[in-house]
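*Asks:* Numbering (this note's numbering), first residue to last: 716 to 798. Below you'll find the structure I mean.
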């Protein structure tokens, strides 16, 4: 399951990367940040070693045998301190 999620991200990245970057990634460049499985369903949050701010949410619906891919870009990170 986790390897399947990593392969999905690799294929997505390699097919969407700007051709002028001349960059392709392998499974060694992809890692699972978080993974959960319940019954026939699972979800993985996946990132890469490429410093592009992208991360990927891969969700598998075992009832329908479908896998959904959400692609996000980190926009900002800041701290809000309690009062």
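Even glycine gets a Cβ: it sits at the ideal position worked out from N, Cα and C. Computed from a predicted structure; not experimentally measured.
When the distance is taken between beta carbons, is residue 772 closer than 9 Å to residue 759?
*Replies:* Here residue 759 refers to the residue found at position 44 of the chain shown. Here residue 772 refers to the residue found at position 57 of the chain shown. Cβ atoms of residue 759 and residue 772: closer than 9 Å.
*Asks:* Going by DSSP, which residues form a beta bridge with residue 752?
*Replies:* Walking along the chain shown from the start, residue 752 turns up at place 37. Bridge partners of residue 752: 757.
*Asks:* To the nearest angstrom, how far is it from the Cα of residue 750 to the Cα of residue 796?
*Replies:* The sequence position of residue 750 within the chain shown is 35, counting from 1. The sequence position of residue 796 within the chain shown is 81, counting from 1. When rounded, the distance between both Cα atoms is 29 Å.
*Asks:* Have a look at the DSSP bridge pairing and note the partners of residue 762.
*Replies:* Counting from 1 along the chain shown, the entry for residue 762 is found at position 47. Bridge partners of residue 762: 746.
*Asks:* What did DSSP end up calling residue 722 once you bin it into helix, strand or coil?
*Replies:* As a first step, residue 722 must be located in the chain shown, where it is residue number 7. Helix.
*Asks:* Compare the Cα-Cα distances from residue 776 to each of 728, 736 and 754 and report the closest residue.
*Replies:* Taking the chain shown and counting its residues from 1, the one referred to as residue 776 is at position 61. The shortest C-alpha separation from residue 776 is found at 754.
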